[in-house]
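Q: Residue numbers (this note's numbering): 126 to 296.
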Amino acid sequence: MQAIMDLDQKKSAIEEGVDIETIFSQQGKVRSKLMAPKMDRHLSTPPFVEFTKGLRVLIYNDTLGVESTVTARYGKYWENEGNVLLKDSVVVINKQGKRLDCSELNWDSKKEIFYTYKPVKISTPTDTIRGANGMESNQDFSDYKILSVSGPVTMEDSTATAPPADSTVAE
Numbered sequence: 126m127q128a129i130m131d132l133d134q135k136k137s138a139i140e141e142g143v144d145i146e147t148i149f150s151q152q153g154k155v156r157s158k159l160m161a162p163k164m165d166r167h168l169s170t171p172p173f174v175e176f177t178k179g180l181r182v183l184i185y186n187d188t189l190g191v192e193s194t195v196t197a198r199y200g201k202y203w204e205n206e207g208n209v210l211l212k213d214s215v216v217v218i219n220k221q222g223k224r225l226d227c228s229e230l231n232w233d234s235k236k237e238i239f240y241t242y243k244p245v246k247i248s249t250p251t252d253t254i255r256g257a258n259g260m261e262s263n264q265d266f267s268d269y270k271i272l273s274v275s276g277p278v279t280m281e282d283s284t285a286t287a288p289p290a291d292s293t294v295a296e
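1) Under three-state DSSP, which class holds Tyr240?
2) Is the separation between the beta-carbon of Arg224 and that of Val215 shorter than 8 Å?
3) Would Asp265 be called buried (16 or more neighbouring beta carbons within 10 Å of its own) or exposed?
4) DSSP puts Asn75 in a beta bridge; with which residues?
5) Between the stretch 187-202 and the stretch 242-249, do three or more beta carbon pairs fall short of 8 Å?
6) From the DSSP secondary-structure annotation, give me the bridge partner or partners of Ala138.
7) So, Ile271 versus Gly256, is the Cβ gap smaller than 8 Å?
8) Which first and last residues belong to the beta strand (DSSP E) in which Arg166 is found?
9) CB-CB under 8 Å to Val191, same chain, minus the five flanking residues each way: which ones, in chain order?
10) Starting from the Cα of Glu261, find the closest Cα among Thr251, Thr253 and Asn231 and give me that residue.
11) Here's a check: name, in chain order, each residue in its chain whose Cβ is nearer than 6 Å to the Cβ of Leu211, leaving out the five neighbours to either side.
12) Per DSSP, what kind of secondary structure is Lys212 in: helix, strand or coil?
13) Taking Leu180 as the reference, which of Val155, Ile254 and Val195 has the closest Cα?
14) Consult DSSP for Lys178 and reduce its assignment to one of helix, strand or coil.
15) Keeping to the same chain, check which residues put their C-beta closer than 6 Å to that of Thr249; ignore five residues upstream and five downstream.
16) With DSSP collapsed to three states, give me the class of Ser234.
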């Protein structure tokens, strides 16, 4: 009987939510909005929140314009650290139309960065680039670094913005 009681005491409490909409703010500014069909908040140590039926996050700029959208079929958020792990069909789309597809993505909300060491595919209006060993990016996905790049890349013509040949440069 004591063994059963000990097992019951070790079981941590779980809070469950359905049709979740949460607004996140930092220093009085709205930063993101999370929507999920189901949320489980585990009160164990360390506490974490799990999204087992998927999630969608809108990331805002200072004027509440949507900078990027993040979706995944699974998410886990560690409350004390502010870190998020996204898995299974992770997609990030920013307002310029750049799209990241990967199987796993880490999000450090305090540093406002995304990173992964898994293969990635990044699609822009003109190119599709793949990275075999992952990538790092800022939160609005406007500046990223791909590890082990493959795929065609369109480059701008550097001569198109060059000054005329007869112009002089002041020293």
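By construction, the Cβ of each residue, glycine as well, lies at the ideal position given by its N, Cα and C atoms.
Only a predicted model underlies this, so the values are computations on that prediction, with no experimental measurement involved.
A: In terms of the structure at hand:
1) strand
2) no
3) buried
4) Nothing can be reported for residue 75: it is not among the residues displayed for the chain, which extend from 126 to 296.
5) no
6) Answer is none; Ala138 lacks a bridge partner.
7) yes
8) Lys154 to His167
9) Leu183, Ile184, Tyr185 and Lys220
10) Asn231
11) Ala197, Gly200 and Leu230
12) strand
13) Val195
14) coil
15) Lys223
16) coil
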